[in-house]
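Reviewing the structure listed below.
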Amino acid sequence: MSIVDFGSFVVDLTSRSKGFPVPGQTILGNSFRYGPGGKGSNQAVAAHRAGADVTFVTKLGKDAFGQIALDFYRKEGMNTDYILEEEGLSTSVAQIMVDEESAQNAIIVIIDACGKISEQDVEKCRKLVESANILLLQHEINMDAQYRVIDIAHRAGVRIVLNPAPAAPIPDEIMAKIDIVTPNETEAEVLTGIHVANAADARRAAECFLKKGVRQVVITLGAMGAYAFDGVREELLPRIPVEAVDTTGAGDAFNGGFAMALDAGMDLFTALRYGNVTGALSVTRYGTAPAMPTREEIDRLYAATYGTK
Ligand code: ADP
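Per the working numbering, residue 1 is the first one in the sequence shown, and the count goes up by one each step.
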C-alpha cells in the first residue's frame with residue numbers, strides 16, 4: 001500500500017503587523033516566520049505523520065528556499081527521492097501578511113518551480129505512479145503535468161483522489177478519470193455552481209460531480225464538518241468539538257488523514273472519519289505542516305469520538 005502525492009511545495013513567508021501597508025507605504029511589522037507550505041507538501045506531511053507510506057513528488061529551485069523543503073522532509077523521515085530540482089527556477093513562495101488587529105490576511109503566491117513540471121519530469125515518475133495504490137493531487141502545479149499524471153494513473157488502475165484547491169475548472173475528460181474529489185464548500189460551489197450551506201446542498205453538488213463521472217465525493221465544510229456521498233449512501237459528519245486556534249491547513253490535514261485511511265483499505269465513510277479527526281487536530285495548533293498530528297494523536301481522538309473500529 002502506498003500513496004503518491006504529486007503537488008506543490010511553497011515556502012510560506014509570514015509577517016505580522018498592525019494593519020497593512022497601503023500602496024507606496026512602508027511600515028514596521030512585529031514578527032516574521034518562514035516555513036514549509038504548499039497544499040501538496042502539507043497533505044504529504046499529514047499523510048506521512050498519519051502513518052501512511054507516502055512518496056511526495058514536487059519541484060524545487062536549487063536555492064535556499066528549496067533547502068527548507070529538503071531539510072524538513074529529512075527531519076520528518078520522508079522519502080525525498082522524487083523531489084525534483086532545477087537550476088534557474090525559483091522555489092515557489094507565498095508572501096503572507098497578517099494584520100494582527102483584524103486577523104485578516106493578504107497573500108501573494110508565486111508558483112515557479114512546482115508550476116514548471118515538464119513532460120520529462122513526469123516520465124521520471126511514471127513507474128512510481130503506476131505502482132501506487134493512491135494518487136493524491138491538488139491544483140497548485142501546472143495543469144499539463146497534472147493531466148499527464150492523471151492519465152498515467154488512470155491507465156494503471158491507480159485510485160485518484162483530487163483535492164481541487166485552489167478552485168480551477170476541470171475538463172470533463174479529466175473529471176471522468178477521478179475516483180474521489182474532495183473540495184471544500186467554496187471549491188464545490190465554483191465547480192458545480194451550487195452554494196453549499198447544508199446537507200441537501202452538499203447532496204446536489206455531489207450529484208453534479210457524479211454526473212461528470214467522478215466515483216465518490218467528499219465535501220469539507222469547515223466548522224460544519226464533512227460530507228461524503230458514494231452514489232448510494234451519504235453522510236454529513238459533524239465537526240469534532242475542539243478549541244480552534246488556526247484553521248489554515250485544515251483541508252490539507254483532512255486530505256492527508258483521509259488518504260491514509262483509504263490507502264489502508266478503509267471504506268469511504270471510515271476514511272471520512274479519519275479526515276475529520278485529522279482536520280480537527282490540526283486546527284488546535286498554529287501553522288500548516290508543523291501542525292499536522294501524529295498517528296497516535298489521531299487514533300486517540302478517533303477512539304474517543306467514534307469508538308474503536
Ligand atoms: P479548507 O482548509 O480547505 O477550507 P475546511 O475548512 O473545510 O477546509 O476544513 C477541513 C476539515 O477540517 C473539516 O471538514 C473538518 O473536518 C476540520 N475542521 C475545520 N475547521 C474545524 C473546526 N473549527 N473544528 C473542528 N474541525 C474543523
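C-beta: ideal position from N, C-alpha, C; glycine also. Since the model is a prediction, treat every value here as computed from it, not as a measurement.
- Any chance you could list the beta strand (DSSP E) runs of at least 3 consecutive residues sitting entirely within the segment 82 to 163, in chain order? 83 to 86, 92 to 99, 105 to 110, 134 to 137 and 159 to 162
- Query: In the structure shown, what three-state DSSP assignment does Glu173 receive?
  - Reply: One-based indexing of the sequence shown puts residue 173 at position 173. It is helical.
- By how many angstroms is the C-alpha of Lys18 removed from the C-alpha of Asp151? Stepping through the sequence shown from its first residue, residue 151 is reached at position 151. Stepping through the sequence shown from its first residue, residue 18 is reached at position 18. Looking at the two C-alpha atoms, the distance is approximately 48 Å.
- Contact check, Ala113 vs Leu128 under 8 Å by CB: the rounded distance? Here residue 113 is taken as the residue at index 113 of the sequence shown, counted from 1. Here residue 128 is taken as the residue at index 128 of the sequence shown, counted from 1. Not confirmed; about 19 Å, so no contact.
- Query: Would the beta-carbon of Asn184 be found less than 7 Å away from any heavy atom of the ligand FAD?
  - Reply: Ligands present in the displayed structure are limited to the ligand ADP, and the ligand FAD is not among them.
- Integer Cβ distance of Phe6 from Gly40, believed to fall under 8 Å: On the sequence shown, residue 6 is found 6 positions in, with the first residue counted as 1. On the sequence shown, residue 40 is found 40 positions in, with the first residue counted as 1. Phe6 to Gly40, Cβ: 7 Å. Contact.
- Query: Can you list the alpha helix (DSSP H) stretches of 4 or more residues lying completely in the segment 44 to 87, in chain order?
  - Reply: 64 to 76
- Message: On the criterion of 16 or more Cβ atoms from any shown chain inside 10 Å, does Asp144 qualify as buried, or is it exposed?
- Response: As a working note, residue 144 is residue 144 in the sequence shown. Exposed.
- Query: Are the segment 148 to 168 and the segment 131 to 140 touching by the rule of at least three beta carbon pairs closer than 8 Å?
  - Reply: yes
- Taking Ala52 as the reference, which of Leu301, Arg300 and Glu296 has the closest Cα? In the sequence shown, residue 52 corresponds to position 52, counting from 1. Measuring from the Cα of Ala52, the nearest candidate turns out to be Glu296.
- Any heavy atom of the ligand ADP within a distance shorter than 7 Å of the CB on Arg239? As a first step, residue 239 is located in the sequence shown; it is residue number 239 there, counting from the start. Arg239: yes, Cβ under 7 Å from the ligand ADP.
- For Pro36, which residues does DSSP report across the bridge? Looking up residue 36 in the sequence shown gives position 36. The partner list for Pro36 (beta bridge, DSSP) reads Val11.
- Nearest residue (CA-CA) to Ala200, options Val190, Leu191, Glu185 and Lys212: Locating residue 200 in the sequence shown gives position 200, counting from the first residue. The option with the nearest alpha carbon to Ala200 is Glu185.
- Message: Taking DSSP's pairing of strands, which residues face Val4 in a bridge?
- Response: Counting from one through the sequence shown, the residue named residue 4 turns up at place 4. Answer by DSSP bridge pairing, in chain order: Thr55 and Leu135.
- Query: When the Cα of Asp179 is compared with those of Ala188, His195 and Gln216, which residue comes out closest?
  - Reply: Translated into positions along the sequence shown, residue 179 becomes position 179. Of the candidates Ala188, His195 and Gln216, the one whose C-alpha sits nearest the C-alpha of Asp179 is Gln216.
- So what's Arg233 in DSSP terms, helix, strand or just coil? Residue 233 sits at position 233 when you count from the first residue of the sequence shown. The answer is coil: DSSP assigns Arg233 none of H, G, I, E or B.
- At a cut-off of 7 Å, is Thr270 close to the ligand ADP when judged by its beta-carbon and the heavy atoms of the ligand? Residue 270 sits at position 270 when you count from the first residue of the sequence shown. No, the beta carbon of Thr270 sits no closer than 7 Å to any heavy atom of the ligand ADP.
- Query: Is Ile240 helix, strand or coil by DSSP?
  - Reply: Position 240 of the sequence shown, counting from 1, holds the residue named residue 240. Correct three-state label for Ile240: coil.
- Task: Spatial neighbours of Asp246 within its chain, please: CB distance less than 6 Å, with the 5 preceding and 5 following residues excluded, ordered by chain position.
- Result: By 1-based counting over the sequence shown, the position of residue 246 is 246. Answer for Asp246: Tyr286, listed in chain order.
- For Asn42, verify whether its CB is less than 7 Å away from any heavy atom of the ligand ADP. Looking up residue 42 in the sequence shown gives position 42. No, the Cβ of Asn42 stays beyond 7 Å of every heavy atom of the ligand ADP.
- Query: Can Phe258 be considered in contact with the ligand ADP, in the sense that its beta carbon sits closer than 7 Å to one or more heavy atoms?
  - Reply: Locating residue 258 in the sequence shown gives position 258, where the first residue counts as 1. The answer is no for Phe258.
- Which one or two residues does DSSP pair with Ile219 in a beta bridge? Locating residue 219 in the sequence shown gives position 219, where the first residue counts as 1. For Ile219, which the question treats as bridged, DSSP gives the partners Tyr227.
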